[in-house]
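As structure tokens, this is what we get:
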């Protein structure tokens, strides 16, 4: 059965063997030279064999010492590497952000690289879901929510209100079917979000009131699906301008009228009370507020 030795004794042997000096090993270990000498004596006495020979220039490994020194040096290098890994876990900061898939894909993710450059020590985990998460139960640090800002018991910061624009696939509104005024939209199938409020409000804002056709048409739970349906020529959609930008640039959608309209709902930064005391949460909040102001 192998005999165990105190780890500090073996570490001292490696340090002396590496430096060939008791004084240099003591400085590396932050102890006195006497303590190093004592550790070496204890190890040699326990083994019953000399590990070093004393010379004028310092200490030199004996044949026995030299036979085990490389293995012990490598072993302690691995230990140091493992400890460094644990320290990295201790200092690494993680942040879980919950938001809807459309906002994540069209707005947050394209900008997130800038946050990573500013704060490389913070690892961001984005959860894209349409469900209203319980921030305590689901361990979410930051929620980016789309609504009216009424989130009791939570800290809420308004970020931005999306501007809605009417869009369609090019072939749907080509030629004689081109739209000249807001009321013309009612001659086409309208695509809605789940509450079916945007089209009636948009039409009313532009002078077209109380037409039952404004609430008819297919409804979608997510803006991403709404955009996909519009691109598939299923009807006209009112969508956030930022979300439609890529589709319009690619020619899959066109803005049928230059009649932007601010939506009732806005995007909010939502956190648990006291969360801003955490450095990573405050850093993300500062960054996303600055991004929202720059659009």
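In the numbering used here, the protein residues as written are 24 to 318.
Note that beta-carbon positions come from the ideal geometry of N, C-alpha and C, so glycine has one too.
Would you call the segment 141-148 and the segment 184-192 in contact, with 3 or more CB pairs under 8 Å? no
For the putative contact between residue 156 and residue 165, defined by C-beta atoms under 8 Å, what is the C-beta separation to the nearest angstrom? Not really, about 11 Å apart at Cβ, beyond 8 Å.
Can you list, in chain order, the residues of its chain whose CB lies under 8 Å from that of residue 96, leaving out five sequence neighbours each side? Here the set comprises 37, 40, 41.
In angstroms, rounded to a whole number, what distance separates the CA positions of residue 299 and residue 120? 14 Å
Pick out whichever of 208, 242, 218 has its Cα sitting closest to the Cα of residue 234. 208
First and last residue of the uninterrupted beta strand (DSSP E) at residue 266: Counting along the chain, residue 266 falls outside any beta strand (DSSP E), though it belongs to the alpha helix (DSSP H) covering 264-272.
Measuring straight from C-alpha to C-alpha, what distance separates residue 161 and residue 118? 13 Å
What separation, rounded to the nearest whole angstrom, lies between the Cα atoms of residue 90 and residue 82? 16 Å
If you follow the beta strand (DSSP E) that residue 35 is in, where does it begin and where does it stop? Careful: residue 35 lies outside any beta strand (DSSP E), inside the alpha helix (DSSP H) at 30-42.
When you compare the segment 212-226 with the segment 234-253, are there three or more beta-carbon pairs, one atom per stretch, that lie closer than 8 Å? yes
Does the segment 216-234 come close enough to the segment 272-279 to have 3 or more Cβ pairs within less than 8 Å? no
Can you tell me whether residue 186 is buried or exposed? The criterion is at least 16 other CB atoms within 10 Å of its CB, across all chains shown. exposed
Residue 290 versus residue 101 - alpha carbon distance: 49 Å
Residue 78: buried (16+ other C-beta within 10 angstroms of its C-beta) or exposed? exposed
Grab the span of the beta strand (DSSP E) containing residue 81 for me, first residue to last. 81-84
Let me know the secondary structure DSSP gives residue 243 once reduced to three states. Reduced to three states, the DSSP call for residue 243 is strand.
Who are residue 284's beta bridge partners in DSSP? 187
Per-residue burial, residue 169 [other beta carbons within 10 Å of its own, 16 or more giving buried]: Counting C-beta atoms within 10 angstroms of its own C-beta, residue 169 has 16 or more neighbours from the protein chains shown and is therefore classed as buried.
Can you tell which of 200, 242, 246, 262 has the C-alpha that lies nearest to the C-alpha of residue 225? 262
What is the C-beta distance between residue 315 and residue 183, in whole angstroms, given that I count them as a contact (C-beta under 8 Å)? 4 Å
Cβ pair residue 257, residue 267 closer than 9 Å: no
Helix, strand or coil at residue 306 according to DSSP, with G and I counted as helix: Secondary structure of residue 306 (DSSP, three-state): helix.
Under the assumption that residue 66 contacts residue 74 (Cβ atoms under 8 Å), give the Cβ distance between them as a whole number of angstroms. 7 Å
Tell me the DSSP secondary structure of residue 181 in three-state form. Reduced to three states, the DSSP call for residue 181 is strand.
Taking the alpha carbon of residue 260 as the point to measure from, which residue in 288, 152, 221 has its own alpha carbon closest? Of 288, 152, 221, the residue nearest in Cα terms is 221.
Among all the DSSP beta bridges, which residues are the ones paired with residue 121? Paired residues: 150, 166.
Alpha carbon to alpha carbon, what distance is there between residue 122 and residue 151? 5 Å
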